[in-house]
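According to the UniProt record's numbering, the sequence shown holds residues 1 to 782 in order.
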Amino acid sequence: MPNDIPGTATTIKQSPPSSIPTSFAHPLDPLTPDEISAISLTVRHHVASNEAVKAVRFITCYLVPPPKKAVLAYLGIPLEPGKEPEEKVEIVRRAEVDFLDILTGLNYNVYLSLDTSNSKWVVDKLTRLPDGVQPQISVEELIAAERIVKADKKVQELAAQVGVKPEEIFCDGWSIGFDDRFPQARRVQQGLVFARFSEHDNLYAHPMDFVPIVDANTEKVLHIDFPPRWFSLGSETKGAAKKDGLELPELGVKLSVGKTGPLAPLPTSLDEVTTENACLELAGRERIPPPRKAFDFLPELMIDTEEKWTQRTDVKPLQITQPEGVSFKVNGHQLEWQGWKMHVAFSHREGVVLSTITYTDYATGELRPILYRLSLVEMVVPYGSPEGPHPRKFAFDSGEYGMGTMANELSLGCDCLGKIHYLPGSYTSHSGNPVIIKNVICIHEEDSGVLWKHTDFRPGGKTKTVRRRRLVVSMVCTLANYEYIWNYYFYQDGSIEIESRLTGILQVYAKADDEPNPFGTTVAPGVNAQNHQHVFSFRLDPMIDGLSNTLVESDVLPLHAVNPSHVTTSVGNYAGNAFVSLDKSVSVPSPRPYDWEKERRWRIVNPARKHYASGKAVGYGVGIKGGITGVMARTDGWALRRAGFVSAPLWVVKEIEGDIEVKDKKSVKGEGSLRMWPAGKYVPQTREPPADSLEKWVSQEVEEAKVKKEELLDTENGEDILVFVTIGTTHVPRPEDWPVMPAETLSIHLRPMHFFDKNPSMDVPGTKDEQSKAAFGDGCGC
């Protein structure tokens, strides 16, 4: 395996297949490793004979989803309640590739389709991307950044000055973020540098005090930044500003403040990095040696630390047993469990993608469509330290790196417990060979407390307790120092929970002993964990009993807020206790703010079908109250100029698909949805919101509504809409988050509202676990 393939991947296939299968079990099945090989070979042959490309480096290769209606017809899912599915058509399998020419620095996009008559892939369209548009940063480029930095003579010299040997230099490659000193057409990364003093030492405990800039194509260090120091309060060198009770120390003495902020200017030439242009003097401080104290997390190393930590010996085994096997069924990528049916796929960008989610009502036997597609589509982690180059740290972990390509291979009995089924994932390497992660998606069941219970408290009354079980579809991703655990939970009452768990190691920087730390926490001597936020965008493509849906916004208000005459002692509100829930259908594509005073909530409904008793349109509620976070960055700042989606907890827009070609009404070929990525399709090194970003879609449609003087969303009949949900958390780090952070949890809850006639889990049997015993004496069963 090449050195630049991550340790999370098991294999990389080296030879193209002799033949390519032309059939698929499901039209949304991801590309197989053999298909990736065949596609890359087709692109190479096409480029060699038709294009002036010098050296191809593949970045992405993935399935182009077919048109939505064609997929639903293929699966027999109706578009409207009470109607028959549409007639099936043959679906043409398509793929998309991004590659770059490492000699010219030009980037290209390719669409291909599979010709089933000869089992060969054909190039439909090859386009050179506009100057400055960069495809995703590959895992190989991230790993290569460390190799480039370690080998650089100036980096080695700077490391030696603080007692670090060349072999002890380690580096995390990061997207450059925002830096006007480097043209967007140049493919660059910033390197966050650490020292590692033994083979498996926790390198993040030893941050270095400089940040190299790497050209990923030429594999050279272009420049080295030194973040300026903060001067102590009352320092003779610099004073401190005091405003509104906050004492702010000041920064280095010779900084150039321009578009890039308080950073040293670049030298005239980027061909050589010298001591003079390394920005140390301009940063106004002396070197900071990396902290030497070990903060390890591996048991065999923890015993040798200063604290001599040993593992606890009073933890008794807790085992999950399923003596009769699992209750779910898997056929390829199709998953069924307790009325639920869905397609589960790996995506290099989104990680887990769940599609064509339906629920078969046990009471009626009716198949009920719920979601066409569900996935994480973007996230951003803006850091809160204003001294350059730290403001460049706002990683788009999905759009810049790819959540799937950063996924772990999971281990039995560690990441998931019980009886497990795994699905593999594949993505392309630079060579076009597929990289395979064998056990990347975990599917299992787990107990989740009580589903429902009631006790008749009267003498002789009975009790009924039903345990809640859930189906879990999960993935774990490592983004340099951080780990993200993605859990999609499906429950027996028809509800869905989307859970994000954050763990791993804080991103840290070196801190001088006498330096104040106003924008972070000193979690260990010399280790500064900066304040930051994690913000996630999940894309919900609803099909609540069909594709014609509407977003309803509900505010809960005291009655007097609706009608001021209904005060306490009034006839309509004599006790002053009345409150109501008021619904409003959202008629314009827009961001929807949360209103804490009104207990605002949302639900997605199908206006064509009403509940038999409540009279309300059938729907699913979107619960995100616990995940709403205020964004700290200014709206005109670097981060929000690129990540406008974080400014609202929920957005609604129209769905728009690409050009769809129908041949003789028997086959269909298309590009799928054109509204996938809230920060744009191509995220690295953007500086403004691209035309294909969420905020641009909304602004374009709002302007269109003004011109037409009409509502853009048909709320009376519903239409094909998309809902983007934003959740996040703000980290002001604690020493207890060090050296590895206990997992923090965020959730989105999707609950049926007026969707079922009654509680759909009333038929779930109660269970008595014969393995449960009293811990210290006699006990009684349920």
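Ideal Cβ placement from N, Cα and C applies to all residues, glycine included.
When secondary structure is reduced to three states using DSSP, Y484 falls in the strand class. The alpha carbon of I224 has as its nearest neighbour, out of Y204, L374, Q184 and I176, the alpha carbon of I176. In this structure, DSSP gives H731 an extended state, which the three-state scheme calls strand. Closest by C-alpha distance to R186, out of I169, P130, A775 and P166, is P130. For K308, the closest alpha carbon among the candidates A294, Q319 and V123 is that of A294. Of the residues assessed, G615 falls on the exposed side of the cut-off, its CB having fewer than 16 other CB atoms within 10 angstroms. The three-state reading of DSSP puts D447 in strand, counting E and B together. Runs of beta strand (DSSP E) with 3 or more residues, each lying fully within the region 352 to 381, are absent. By the Cβ criterion, the region 707 to 726 is in contact with the region 523 to 537, since at least three pairs of Cβ atoms, one from each stretch, lie closer than 8 Å.
Annotated as proximal: H532 and Y383, with beta-carbon spacing under 8 Å.
By the neighbour-count criterion, in which 16 or more other beta carbons inside 10 Å mark a residue as buried, Y574 falls on the exposed side. Note that the C-beta distance between F297 and N202 is below 8 Å. E497 has its alpha-carbon roughly 23 Å from the corresponding atom of N331. Contact fails between the region 395 to 415 and the region 178 to 197, because fewer than three Cβ pairs, one in each stretch, are under 8 Å apart. Pairing K125 with E657 gives a Cβ-Cβ distance that is not under 8 Å. The continuous beta strand (DSSP E) containing A345 extends over residues W340 to S347. Nearest to Q507 by C-alpha distance, out of H731, L417, E167 and V89, is H731. Within its own chain, the residues whose Cβ lies closer than 6 Å to the Cβ of I148, once the five positions on either side in sequence are excluded, are V214 and E219, listed in chain order. In the DSSP assignment, T745 forms a beta bridge with R501.
W337 is classed as buried because its beta carbon has at least 16 other beta carbons within 10 Å across all chains shown. F346 counts as buried, since no fewer than 16 other beta carbons sit within 10 angstroms of its beta carbon.
Relative to L547, the option among D101, E446, K654 and G173 whose CA is nearest is K654. Only residues of its own chain outside the window of five on either side were considered, and among them L451, W452, V764 and G766 have a CB closer than 6 Å to the CB of V466, listed in chain order. By the Cβ neighbour-count rule, L103 is exposed, with fewer than 16 other Cβ atoms within 10 Å of its own.
Contact check for T428 against R734 fails: the beta carbons are separated by 8 Å or more. The beta carbons of A743 and I420 sit no closer together than 8 Å. Straight across, the Cα-Cα distance linking I544 with S585 is about 15 Å.
In this structure, R468 places its C-beta atom within 8 Å of the C-beta atom of Y491. The C-beta distance from Q161 to R287 rounds to 6 Å, short enough to fall under 8 Å. Taken through DSSP and simplified to helix, strand or coil, Q771 comes out as coil.
By the neighbour-count criterion, in which 16 or more other beta carbons inside 10 Å mark a residue as buried, P66 falls on the buried side. In the pairwise beta carbon analysis, the region 108 to 116 is classified as not touching the region 366 to 386: fewer than three pairs are separated by under 8 Å. In this structure D720 is buried. Its beta-carbon is surrounded by 16 or more other beta-carbon atoms within 10 angstroms.
The alpha-carbon separation between K316 and W738 amounts to approximately 26 Å. Per the coordinates, the alpha-carbon of V472 lies some 25 Å from the alpha-carbon of F24. Distance from the CA atom of P689 to the CA atom of A643, rounded to whole angstroms, is 7 Å.
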